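Report on one structure; see the data block that follows.
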Amino acid sequence: MRLRSLAPAARPVVGFVALALVLQVPEVSEAAPAAAAAAPATRASVPASRANGSTARASARRSSSGGATSLVDVIVAPLQSTAKRTPVQAGVRNPRGQHVTLQRLDRGRWTTVRSRTAPRTGSVAWVALALPAKAGDVRYRVVVPTGRTRATAAVRAFSVFQSDARKHARYITKARSYVARYCPSTPIYIDTPSIGPRTAGVATTTVVGPFAPPGKRKATRMRWEQAIELRSGMSTSQLRHAALHECAHIVQARPLVAGAKAAAKRQKITEKRYGAKGAAAAERQADCMATALTGSSRHLYYVPRCTRAQLADARAMWRGYGTKHRSPTLTWTARR
Ligand SMILES: [Zn+2]
0 MRLRSLAPAA RPVVGFVALA LVLQVPEVSE AAPAAAAAAP ATRASVPASR
50 ANGSTARASA RRSSSGGATS LVDVIVAPLQ STAKRTPVQA GVRNPRGQHV
100 TLQRLDRGRW TTVRSRTAPR TGSVAWVALA LPAKAGDVRY RVVVPTGRTR
150 ATAAVRAFSV FQSDARKHAR YITKARSYVA RYCPSTPIYI DTPSIGPRTA
200 GVATTTVVGP FAPPGKRKAT RMRWEQAIEL RSGMSTSQLR HAALHECAHI
250 VQARPLVAGA KAAAKRQKIT EKRYGAKGAA AAERQADCMA TALTGSSRHL
300 YYVPRCTRAQ LADARAMWRG YGTKHRSPTL TWTARR
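Residue numbers (numbering that gives the first Met the number 0): 0 to 335.
Shown next as structure tokens:
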């Protein structure tokens, strides 16, 4: 969702962009911790649109002196809030009681913010390191010594964005109230790296699958990760329209649970109704879905107004998909 040119209008008019619907992220599967296995989308395969560098893998080295220690993977949710934190999971190969540290880049210097001792048994151990609260796009790295000296270490660097949940508490509560019925638990992040100077909001649905459930060989499971990102400082009516528009994008992904065919069928109807293809149709529909609930055309961006047929379609979307599959981390059985 974009803010229309700020220059001519006395008040910025809100519109939309980037519903970032990422499909079919390949599932990587190697002895991941239970939490991570259930959350494949949060591992290193972060959609490029997020572009905050969670995929970055800096110099993973092995010591030459027989140390077979290395970092199998570092798993971290790409967006976090300072109110609710999930840990960074570091997969240590050949765990022998190594000192595993989480370091943060503060003014050009790496500072240790957490440390844990790896177990002494097994071939791979997952060590959880709690992420400290620190708002903004911040660089971190996990370091594990690989030899007897500190000179050799396995290192993985990545960025994590945390939105300041305390500072924006009232704003998030307000946004949440507007989408409470349809997106009750979809995380809302404020001023993320995706929010450019003219972006009002972004909704992301990252779909992973089909992948094999633990202990099964056949790939039958699907999963998504959904999030809403909003800019701070919008007026009440802008925020309401923006929050509903982004929630509409979240709802637009829900037909997928009935299978790819059902989703394609629903997409065809949308394209016909809004006279556009793909994402453009989805944007127009999201705008009309917001207007169908606010009763106001003031913040429409992708369409000048919504026709009666479009408003009827928008209401049908809320009615049909607004109150089902509301989990932002839904797992379901794949259907064609
Ligand atoms: Zn949009």
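Ideal Cβ positions, reconstructed from N, Cα and C, are used throughout, including at glycine.
Predicted model only: the values in this text are computed from it and were never measured.
Following a CB-centred definition, is residue i positioned closer than 8 Å to any heavy atom of ligand 1?
i: residue 281; result: yes
i: residue 242; result: no
i: residue 248; result: yes
i: residue 313; result: no
i: residue 208; result: no
i: residue 174; result: no
i: residue 200; result: yes
i: residue 228; result: no
i: residue 179; result: no
i: residue 252; result: no
i: residue 270; result: no
i: residue 224; result: no
i: residue 285; result: yes
With DSSP as the reference, please indicate the residues paired to residue i in a beta bridge.
i: residue 201; result: 228
i: residue 116; result: 98
i: residue 223; result: 206
i: residue 75; result: Paired residue(s): none; residue 75 is not in a bridge.
i: residue 125; result: 90
i: residue 104; result: 109
i: residue 138; result: 158
i: residue 69; result: 92
i: residue 144; result: 152
i: residue 330; result: 222
i: residue 80; result: 162
i: residue 170; result: Partner(s): none; residue 170 has no beta bridge.
i: residue 188; result: 228
Here's a check: name, in chain order, each residue in its chain whose Cβ is nearer than 7 Å to the Cβ of residue i, leaving out the five neighbours to either side.
i: residue 167; result: 189, 231
i: residue 209; result: 218, 219, 220, 221, 333
i: residue 308; result: 272
i: residue 70; result: 59, 89, 90, 91, 141, 143, 153, 155
Would residue i be called buried (16 or more neighbouring beta carbons within 10 Å of its own) or exposed?
i: residue 269; result: buried
i: residue 94; result: buried
i: residue 322; result: exposed
i: residue 337; result: Residue 337 lies beyond the residue range present for the chain, which begins at 0 and ends at 335; the question has no answer from this structure.
i: residue 165; result: exposed
i: residue 213; result: exposed
i: residue 196; result: exposed
i: residue 239; result: buried
i: residue 129; result: exposed
i: residue 186; result: buried
i: residue 107; result: exposed
i: residue 311; result: exposed
i: residue 303; result: exposed
i: residue 335; result: exposed
i: residue 326; result: exposed
i: residue 72; result: buried
i: residue 279; result: exposed
i: residue 140; result: buried
i: residue 283; result: buried
i: residue 172; result: exposed
i: residue 297; result: exposed
i: residue 162; result: buried
Only counting the same chain, and skipping five residues up and downstream in sequence, which positions put a Cβ closer than 6 Å to that of residue i?
i: residue 344; result: What is shown of the chain runs 0 to 335, which leaves residue 344 out entirely.
i: residue 131; result: 112
i: residue 85; result: 76
i: residue 67; result: 93
i: residue 38; result: With a pLDDT of 39 at residue 38, under the threshold of 50, the predicted position of this residue should be treated as unreliable, though the coordinate-derived value follows. No residues qualify anywhere along the chain.
i: residue 331; result: 221, 256
i: residue 144; result: 97, 152
Report all residues from its chain with a CB closer than 8 Å to the CB of residue i; omit the five preceding and five following residues, and keep chain order.
i: residue 250; result: 181, 182, 288, 316, 317, 320, 321
i: residue 96; result: 116, 117, 118, 119
i: residue 200; result: 0, 15, 194, 227, 228, 229, 230, 241, 242, 244, 245
i: residue 295; result: 236, 240
Confirm the yes/no value for this check: CB of residue i, any heavy atom of ligand 2, distance under 8 Å.
i: residue 110; result: As presented, the structure is devoid of ligand 2, carrying ligand 1 as its sole ligands.
Counting Cβ pairs closer than 8 Å, one from the segment 110-126 and one from the segment 152-166, do we hit at least three? no
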